[in-house]
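Asker: Start counting the sequence shown at 14; every next residue gets the next number (my numbering). Backbone N, C-alpha and C define an ideal beta-carbon position, used for all residues, glycine too. Please read through the structure below; I'll follow up with questions.
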Amino acid sequence: MDSGIECALSKFTDDTKLCGEVNTLEGRDAIQRDLDRFERWARVNHMKLHEAKCKVLHMIRCNPKHNYRLGREWMESSPAEKDLGVLVGEKLNMTQQCVLAAQKANRVPGCITSRVTSRSREVILPLCSALVRPHLEYCIQLWGPQYKKDMDLLERVQRRTRRCSEGWSTSPMKTG
Numbered sequence: 014m015d016s017g018i019e020c021a022l023s024k025f026t027d028d029t030k031l032c033g034e035v036n037t038l039e040g041r042d043a044i045q046r047d048l049d050r051f052e053r054w055a056r057v058n059h060m061k062l063h064e065a066k067c068k069v070l071h072m073i074r075c076n077p078k079h080n081y082r083l084g085r086e087w088m089e090s091s092p093a094e095k096d097l098g099v100l101v102g103e104k105l106n107m108t109q110q111c112v113l114a115a116q117k118a119n120r121v122p123g124c125i126t127s128r129v130t131s132r133s134r135e136v137i138l139p140l141c142s143a144l145v146r147p148h149l150e151y152c153i154q155l156w157g158p159q160y161k162k163d164m165d166l167l168e169r170v171q172r173r174t175r176r177c178s179e180g181w182s183t184s185p186m187k188t189g
């Protein structure tokens with residue numbers, strides 16, 4: 014599959030990414046040639062491509078947003094895509110990833126409340142820490158918040174979790 018590919022090609026278990034420069038006509042043509050090679054390779058090897066899952070992510074400011082096709086189908090443009098669990102947007106800011114991480118982390122206290130019978134501080138605090146922190150820290154080196162509003166959002170999640178876990182240790186246990 015790598016033979017003759019002109020652009021950068023990244024392969025994962027069930028995911029392939031093709032990246033190239035689009036600021037020149039030659040760069041855009043190289044991407045299209047590589048897409049054609051990839052489609053032929055898949056056909057020759059009897060592999061089914063899910064064209065609906067194939068998207069174009071335009072990642073630079075003055076991008077002419079060129080259209081590409083895979084086989085006979087034109088590829089859809091996407092404002093953001095997940096890459097190894099991190100949401101990457103066309104503007105390369107990580108606000109969407111911060112919102113996604115906060116949403117996932119905010120679900121954890123509710124799950125703990127509904128599934129853990131103990132309200133002991135010794136149980137709840139380590140549980141919250143173990144279950145909330147991974148959502149907030151996963152690949153943080155890559156997507157660390159760049160804007161104050163993103164930092165404030167993640168700090169609100171941490172404060173909410175801390176308040177919830179402190180409240181659990183003083184509230185009576187629910188029955189029924």
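Tell me the start and end of each unbroken alpha helix (DSSP H) in the segment 147 to 176 that is at least 4 residues and wholly inside, in chain order.
Answerer: Correct list: 153 to 156.
Asker: Once you ignore the five residues that flank residue 72 on each side, which residues in its own chain have a CB closer than 7 Å to its CB?
Answerer: Contacts found: 103 and 105.
Asker: If you reduce the DSSP assignment to three classes, tell me which class residue 90 lands in.
Answerer: Strand, per DSSP.
Asker: Tell me where the beta strand (DSSP E) around residue 32 begins and ends.
Answerer: Per DSSP, residue 32 belongs to the beta strand (DSSP E) from 29 to 32.
Asker: So the beta strand (DSSP E) residue 117 belongs to, where does it begin and stop?
Answerer: Premise fails: residue 117 lies in the alpha helix (DSSP H), 108 to 128, not in any beta strand (DSSP E).
Asker: Tell me residue 101's beta-bridge partners as DSSP assigns them.
Answerer: Paired residues: 94.
Asker: Is residue 82 helix, strand or coil by DSSP?
Answerer: In this structure, residue 82 counts as strand in the three-state DSSP scheme.
Asker: Starting from residue 38, trace the alpha helix (DSSP H) in both directions and tell me its first and last residue.
Answerer: Where residue 38 is concerned, the enclosing alpha helix (DSSP H) stretches over 38 to 57.
Asker: Is it the case that the Cβ atoms of residue 149 and residue 99 are separated by a distance below 8 Å?
Answerer: Contact: no.
Asker: Measuring straight from C-alpha to C-alpha, what distance separates residue 75 and residue 42?
Answerer: Looking at the two C-alpha atoms, the distance is approximately 18 Å.
Asker: If the criterion is Cβ atoms closer than 8 Å, does the pair residue 55 and residue 48 meet it?
Answerer: No. Outside cutoff.
Asker: Helix, strand or coil: which one does DSSP assign to residue 35?
Answerer: Three-state DSSP puts residue 35 in coil, outside helix and strand.
Asker: Taking the straight line between their C-alpha atoms, what separation do you get for residue 118 and residue 144?
Answerer: Each residue's alpha carbon lies about 8 Å from the other.
Asker: May I ask you to report which of helix, strand or coil DSSP gives residue 16?
Answerer: Three-state result, residue 16: coil.
Asker: Have a look at the DSSP bridge pairing and note the partners of residue 22.
Answerer: DSSP lists 31 as partners of residue 22.
Asker: Rounded C-beta distance between residue 122 and residue 174? I'm assuming under 8 Å.
Answerer: Right, their Cβ atoms sit about 6 Å apart.
Asker: Roughly how many whole angstroms lie between the Cα atoms of residue 16 and residue 30?
Answerer: Computed Cα separation, rounded: 15 Å.
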